[in-house]
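Counted the way the numbering used here counts, the sequence shown spans residues 1 to 64.
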Amino acid sequence: MQHYQRNTIGILKYCPTCNRMTMHQVDDRRVGSCRETHAAGTSKAQAKRRRRDKPQAMDDPLLF
Numbered sequence: 001m002q003h004y005q006r007n008t009i010g011i012l013k014y015c016p017t018c019n020r021m022t023m024h025q026v027d028d029r030r031v032g033s034c035r036e037t038h039a040a041g042t043s044k045a046q047a048k049r050r051r052r053d054k055p056q057a058m059d060d061p062l063l064f
């Protein structure tokens, strides 16, 4: 874990929830939460990625 100077307010860091580089707040010299608002549910890109990565065997009802 990296510690920052006392006067550091925010840093640019990759956010796995947002799936991109966003500003994160720094509290007590430690990285805090993302400053972006996170929408409930999945985005269109996340839903598309989930459909693409879903195994094809689960879609075929005659397989089992």
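Backbone N, C-alpha and C define an ideal beta-carbon position, used for all residues, glycine too. Values in this document were obtained by computation on a predicted structure and should not be read as measured data.
Could you work out which residue in the options is closest to residue i when comparing CA atoms only?
| i | options | result |
| --- | --- | --- |
| residue 29 | 15, 12, 53, 8 | 8 |
| residue 33 | 48, 17, 46, 47 | 17 |
Report all residues from its chain with a CB closer than 8 Å to the CB of residue i; omit the five preceding and five following residues, and keep chain order.
| i | result |
| --- | --- |
| residue 11 | 4, 23, 24, 26, 31 |
| residue 35 | 10, 22, 23, 24, 25 |
| residue 2 | 31 |
Residue i and residue j: beta carbons closer than 9 Å?
| i | j | result |
| --- | --- | --- |
| residue 6 | residue 14 | no |
| residue 37 | residue 50 | no |
Give the DSSP bridge partners of residue i, in chain order.
| i | result |
| --- | --- |
| residue 24 | 11, 34 |
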